[in-house]
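Last residue of the sequence shown: 253 in the numbering used here, with the numbers rising by one and none dropped.
We put the beta carbon where it would ideally sit given N, CA and C, even for glycine.
In what follows, a single structure is set out as structure tokens and then discussed.
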Amino acid sequence: MTQHFEVAVIGGGIVGSATAYYLSEAGLKTVLIEKNDIASGTSSRCDGNVSNVDKDPGFESEMSMVSQKLIAELSKTLEMPFEYRAHGSILVCDNDEEMEAAVEWVKIQQEAGLKFNVLDAKDIRDESPFFADDIPGGLVSETDSLISPYMFCYALIHKAKQFGLAVHTHTEVTALKKEADFVIETTNGVFRAEKVVNAAGVWASFIGKMLGIDIPIIPRKGHILVGSRAEPVMFRNVM
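Next up, the structure:
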């Protein structure tokens with residue numbers, strides 16, 4: 015039996031989960047289709063920074079500020095916690111040359127209206143006694159926050175289901191055609207939707223090819239080590 019929706023979201027990472035949440039909240043009949051589990055791809059393997067500390071002033075930093083505001087609001091709206099912490103981020107300088115660059119960078123960010131400050135050697139030591147004694151200082155982005163991206167996806171999906179979101183995990187898209195509506199063939203049946211959101215991340219190009227669309231996404235491999243829980247050595251995120 016073919017199921018019909020207003021919007022089908024392909025991909026259950028952060029982008030797909032957030033898109034499905036806001037569509038469902040707006041009252042649109044929405045389905046999320048994910049080939050594995052929610053947050054089983056890139057979104058379960060990232061560091062969870064919602065930061066401005068590494069962004070140039072302009073479009074990127076403005077987008078980051080909007081993200082920080084949305085995350086703060088969602089930390090109160092979503093019923094499931096996702097380890098939201100808004101303590102700011104520190105960028106540590108290794109030498110005097112980097113310190114000089116940090117001072118100039120802070121000046122640029124402050125002129126753009128962002129909450130950046132310079133930290134001297136004493137400030138760094140006050141942040142945590144575990145910093146090396148020869149660190150000359152650094153800078154801090156006061157508005158940065160940190161979340162668990164894995165838990166955030168599940169928190170979004172949990173709330174979106176209350177708005178009527180249909181979720182189909184372990185459902186791989188095998189074909190996508192455009193007729194009067196989009197016809198989405200999967201390993202668990204056929205779905206029809208008026209609109210399709212391609213939120214498949216590094217796999218988005220494979221979905222695009224099904225419609226003859228070239229999406230120039232090239233995966234880049236990274237490495238993250240996740241340790242067991244321990245007592246925190248400081249409150250802020252360090253870069």
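Mind checking which residues open and close the alpha helix (DSSP H) that includes E260?
Past the edges of the chain, shown from 15 to 253, lies residue 260, and the structure says nothing about it.
Exposure of F73, with buried meaning 16 or more beta-carbon neighbours within 10 Å:
One-based indexing of the sequence shown puts residue 73 at position 59. The residue is exposed, with fewer than 16 neighbouring Cβ atoms inside 10 Å.
Let me know if D147 comes out buried or exposed under the rule of 16 or more other beta-carbons within 10 Å of its beta-carbon.
For the purposes of this step, residue 147 is taken as the residue at position 133 of the sequence shown. Exposed is the call here.
Look at G55 and G215 and say whether their C-beta atoms are less than 8 angstroms apart.
The residue given as residue 55 occupies position 41 in the sequence shown. The residue given as residue 215 occupies position 201 in the sequence shown. Going by C-beta atoms, G55 is nearer than 8 angstroms to G215.
In three-state DSSP terms, what is V84?
Position 70 of the sequence shown holds residue 84. Sequence inspection shows Leu at residue 84; the Val mentioned does not correspond to that position. The answer is helix: DSSP assigns L84 an H, G or I state.
Checking the sheet assignment: what are the DSSP bridge partners for K209?
Residue numbering aside, residue 209 sits at position 195 when the sequence shown is read from its first letter. V21, per the DSSP bridge assignment.
Assuming F177 contacts E39 under a Cβ cut-off of 8 angstroms, what Cβ separation, rounded to an integer in Å, is found between them?
The residue labelled residue 177 in the question sits at position 163 within the sequence shown. The residue labelled residue 39 in the question sits at position 25 within the sequence shown. Confirmed, Cβ separation roughly 5 angstroms.
Using three-state DSSP, classify A180 as helix, strand or coil.
The residue labelled residue 180 in the question sits at position 166 within the sequence shown. Correct three-state label for A180: strand.
Please confirm if T56 has its CB atom under 8 angstroms from at least one CB of chain B.
Within the model displayed, chain B is absent; a lone protein chain is all it includes.
Which partner residues of R99 appear in the DSSP bridge assignment?
Sequence index remark: in the sequence shown, residue 99 carries index 85 (1-based). R99 pairs with L160.
Closer than 8 angstroms by C-beta to A116: which residues in its own chain qualify, once you throw out the five before and the five after it? Chain order, please.
Here residue 116 is taken as the residue at index 102 of the sequence shown, counted from 1. Once the five neighbours on either side are set aside, the close Cβ partners of A116 are L105, C107, V132, G151, G152, L153.
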